[in-house]
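Here's the structure, in structure tokens; my notes come after.
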Amino acid sequence: MAFIRKHSFKIAVLALCAAMAVYLLLSMKSDVEPLKDFGPAPSFELSDLEGNKVTLEDTNGKVRLYYFYFSYCPDVCPPTTAQLAQVQDEMIRQGRFGKDVMITSITIDPERDTPERIKEFADQFGVDYAGWNWLRGDEQYTHEVAQKFGLSVIKADGNYSHTNIIFLVDQEGKIRKYLMANEDLTTEQIIQDVESLL
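Here numbering that gives the first Met the number 0 is used: the first residue of the sequence shown is 0, the next is one more, and so on.
So, in structure tokens, the structure goes:
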């Protein structure tokens with residue numbers, strides 16, 4: 000009792016500091032806006048580079064990033080793929096890539112994007128195939144899948160115009176965020192969104 004009386008001011012200051020620390024931690028967490036639920040991602044069946052059939056459901060239980068691209072894309076696809084490779088590297092560092100987190104790139108130009116061409120494109124970015132699927136299929140079917148995801152794809156003059164979006168899908172197969180892949184989207188933001196689902 001004498002100890003408490005003697006050190007009451009110090010104890011009060013320590014208690015106040017502890018309370019402030021808890022408050023700051025809670026307020027920092029509440030600044031991270033919870034991700035919305037946009038409903039189930041569309042089911043699909045496409046082929047990987049070895050010709051094996053891959054479905055959306057095959058990777059349920061993992062957080063997934065889906066990206067529609069084509070390897071001959073003259074502008075947005077290479078830098079967006081490079082950004083996804085940075086996400087891959089961070090997830091590898093955390094020991095989560097392929098185990099808890101996967102990336103899937105789906106070509107919208109399967110005629111030119113042969114398995115050999117896709118591998119050549121992917122290898123430029125140091126892709127770890129253990130956690131990154133590269134899929135292709137019939138062009139019309141692939142475009143229908145893209146549209147069901149909410150992506151606009153237009154073919155003109157032998158090339159493609161498409162909205163540049165990364166789709167964040169949770170372990171249950173629900174779309175949780177549409178990441179507009181432009182100059183404002185940072186790698187840190189993608190990683191933060193992925194981590195919020197782990």
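Ideal Cβ placement from N, Cα and C applies to all residues, glycine included.
By the DSSP assignment, the beta strand (DSSP E) with Phe-69 in it spans what residues?
Run containing Phe-69: none; DSSP gives neither H nor E here.
Give the DSSP-derived three-state secondary structure of Val-21 in the structure shown.
Below a pLDDT of 50, predicted positions are generally treated as unreliable, and Val-21, at 38, falls in that range; no measurement from the model is reported.
I'd like the span of the beta strand (DSSP E) that includes Arg-175, first residue to last.
From DSSP, the beta strand (DSSP E) with Arg-175 extends over 174 to 179.
Hey, out of Gly-136, Glu-56, Val-168, Ile-91, whose CA is closest to Thr-113's CA?
Out of Gly-136, Glu-56, Val-168, Ile-91, Gly-136 has the C-alpha closest to the C-alpha of Thr-113.
Determine the burial state of Leu-55: buried for a count of at least 16 other Cβ atoms within 10 Å of its Cβ, exposed for fewer.
In this structure Leu-55 is buried. Its beta-carbon is surrounded by 16 or more other beta-carbon atoms within 10 angstroms.
Alpha carbon to alpha carbon, how far is Pro-77 from Asp-88?
Approximately 16 Å, taken between the alpha carbons.
Where Pro-33 falls, given that 16 or more other Cβ within 10 Å makes a residue buried:
Exposed, by the Cβ-count rule.
Do three or more CB pairs link the segment 162 to 174 to the segment 122 to 138 at distances below 8 Å?
The segment 162 to 174 vs the segment 122 to 138: no contact.
Endpoints, alpha helix (DSSP H) assigned at Val-144:
Under the DSSP assignment, Val-144 falls in the alpha helix (DSSP H) whose first and last residues are 138 to 148.
DSSP-derived helix/strand/coil call for Thr-162
It is coil, neither helix nor strand.
Which ranges does the alpha helix (DSSP H) cover as unbroken runs of at least 4 residues, wholly within the segment 72 to 123, from first to last along the chain?
You should have 76 to 92, 114 to 122.
Do you know offhand how far Ile-91's Cα is from Ile-153's?
Cα atoms of Ile-91 and Ile-153: separation of roughly 35 Å, rounded to the nearest angstrom.
Would you call the CB atoms of Gly-130 and Gly-94 closer than 8 Å?
No. Outside cutoff.
Quick one: give me the first and last residue of the beta strand (DSSP E) that Val-53 is part of.
Where Val-53 is concerned, the enclosing beta strand (DSSP E) stretches over 52 to 54.
To which residues of the same chain is Ser-42 closer than 6 Å at the C-beta, ignoring the five residues directly before and after it?
Within the same chain, Ser-42 has close Cβ partners Leu-55.
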